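Written out below as structure tokens is the structure these notes cover.
In my numbering, the protein residues as written are 308 to 476.
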């Protein structure tokens, strides 16, 4: 299981947390390269699929910073309307700070991006930050899959790609 521990300030926006989350799905190569295997891709999925949302306490906080962002919570909200669920609200993650939220410590919340890549977000503690402590935030504290990410990037940045076929003969 891969996980990250990020420290954020209460004054920061949800979009700051979204930008700090690292997921291998964001690094997938975007495009068709079977005819040009030596060509280095210009885009990764994170550059093309920019839509995302956090779900906290009955509200979908959508990323609407870019014109190509879509409300990917819309399908879920439409489905819940037909099923006797309470009405869910929407808001912009770039306009919402952590001060604006009412969150429970240890309670699982949802972050979704790339259409269907879901992550559980858990608030583990709340602290007062001293002025000398407020350097660069969001700050990565623990990154379990950093080695996996480095191996992926090493493969991704190689100039020549190889296709290995195995047969059962």
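Idealized CB from N, CA, C, for every residue including glycine. In this text, all values refer to a predicted model and were calculated from it rather than measured experimentally.
query: When DSSP labels each residue in this structure, what does residue 404 get in the three-state scheme?; result: strand
query: Quick one: residues in its chain with C-beta nearer than 6 Å to the C-beta of residue 418, no 5 flanking neighbours on either side, listed in chain order?; result: 361, 426, 428
query: So residue 315 and residue 405 are in contact, right, with Cβ under 8 Å, and what is the actual spacing, rounded?; result: 6 Å
query: Hey, residue 352 and residue 326 are a contact pair by Cβ (cut 8 Å); roughly how many whole angstroms apart?; result: About 15 Å; that fails the 8 Å criterion.
query: Apply the 10 Å Cβ neighbour rule to residue 476 and answer buried if 16 or more other Cβ atoms are within range, or exposed otherwise.; result: Confidence in residue 476 is poor, its pLDDT being 44 and thus under 50, which makes the residue's placement unreliable; the coordinate value appears in the next sentence. Counting Cβ neighbours within 10 Å, residue 476 comes out exposed, since fewer than 16 surround it.
query: How about residue 367 and residue 380: do their beta carbons lie closer than 8 Å?; result: yes
query: What whole-angstrom Cβ distance do residue 322 and residue 401 have, given they're in contact under 8 Å?; result: 4 Å
query: Using CA coordinates, which residue listed in 331, 413, 422 is at the minimum distance from residue 376?; result: 422
query: Excluding five sequence neighbours on each side, which residues of the same chain lie with their C-beta closer than 6 Å to the C-beta of residue 408?; result: 363
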